[in-house]
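So the structure is just underneath, and the comments pick up after that.
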Amino acid sequence: MLDLVLYGPGGPQPLGRPAPVRAEIRNTGSRDLWIAGVLDGSENGLRWPRYLPTVTCAEDGGVVARPAPAEDPLVGPLRPGDLRRLAPGESFDPATGPGCLPLMTFAHFVPQRPGRFRYALSLSTEAARPEEWLGGFGLPDDSEREALLALVARVPRTTVTAAPLDVDFR
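With the UniProt record's numbering applied, the sequence shown covers 1 to 170.
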């Protein structure tokens, strides 16, 4: 079982800079599990796992930031080091570490007016086929491919959503 949590600043943030918002994935189950962080194409839905961030205006619910459309549909290959084992109770930030990319939606959102903004994030590992995790170029040879697919098979198929995080900007 996975838990996804967003963490943010403790007080109001100045306008003109992004808020330091980060995510954490925690294994809340009783067995080891495998998971990948944010990979090339994960944030804009081109590959699995899918990390889908949004920022909305807390007052009216209007979306003010979401993943940018993909400029190129090709994404880098999945590597064995992209998948990590989490022991029960262990956690990690999916946007840091080897092979992981920052959540650009959060990193680039800079409000131009004061207000309260709601950060949201969901994670889905529910690809229809394990091959959808592999990427779009530089794919491995058959033996390495089978080893990668065996690792992907260890990832629990689930969708989890973090509780929204409100951040005030002044």
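Cβ atoms here follow ideal geometry from the backbone N, Cα and C, with glycine treated the same way.
Keep in mind that this is a model prediction, so the values were computed, not measured.
Closest residue to residue i among the options (Cα-Cα distance)
i, options, result
"residue 172", "Phe137, Leu4, Val152, Pro164", "Because the chain spans 1 through 170 in this model, residue 172 falls outside it and cannot be assessed."
"aspartate 32", "Thr159, Arg47, Pro88, Gly115", "Pro88"
"residue 172", "Pro14, Phe106, Asp93, Ser143", "Here the chain comprises residues numbered 1 to 170, so residue 172 is not present and cannot be evaluated."
"glycine 97", "Pro18, Glu146, Ile35", "Ile35"
"alanine 162", "Asp40, Tyr119, Arg154", "Tyr119"
"asparagine 44", "Pro69, Gly62, Asp60, Gly61", "Pro69"
"arginine 154", "Leu86, Ala95, Ala19, Gly99", "Leu86"
Neighbourhood of residue i by C-beta distance below 7 Å, restricted to the same chain and skipping five residues each side
i, result
"leucine 148", "Leu78, Pro80, Leu134, Pro140"
Rounded distance between the beta-carbons of residue j and residue i, thought under 8 Å
i, j, result
"leucine 83", "valine 38", "Contact doesn't hold; Cβ gap of about 13 Å is too wide."
"valine 160", "leucine 2", "5 Å"
"proline 9", "valine 167", "6 Å"
Beta-ladder partner(s) of residue i, from DSSP
i, result
"glycine 115", "Phe169"
"tryptophan 34", "Arg85"
"proline 53", "Leu121"
Sequence-distant residues of the same chain with beta carbon closer than 6 Å to residue i, five excluded per side
i, result
"valine 152", "Pro130, Trp133"
Own chain partners of residue i with C-beta closer than 8 Å, once the 5 adjacent residues on each side are dropped
i, result
"proline 111", "Leu15, Val64, Phe117, Phe169"
Check your understanding: Quick one: any contact between the stretch 23 to 34 and the stretch 54 to 72, if contact means 3 or more CB pairs under 8 Å?
Key -> In short, these stretches do not touch, since the Cβ pair count stays below three.
Point to revise | Cβ contact (3+ pairs, closer than 8 Å) linking the stretch 32 to 52 and the stretch 120 to 135 | key: Yes, the stretch 32 to 52 is in contact with the stretch 120 to 135.
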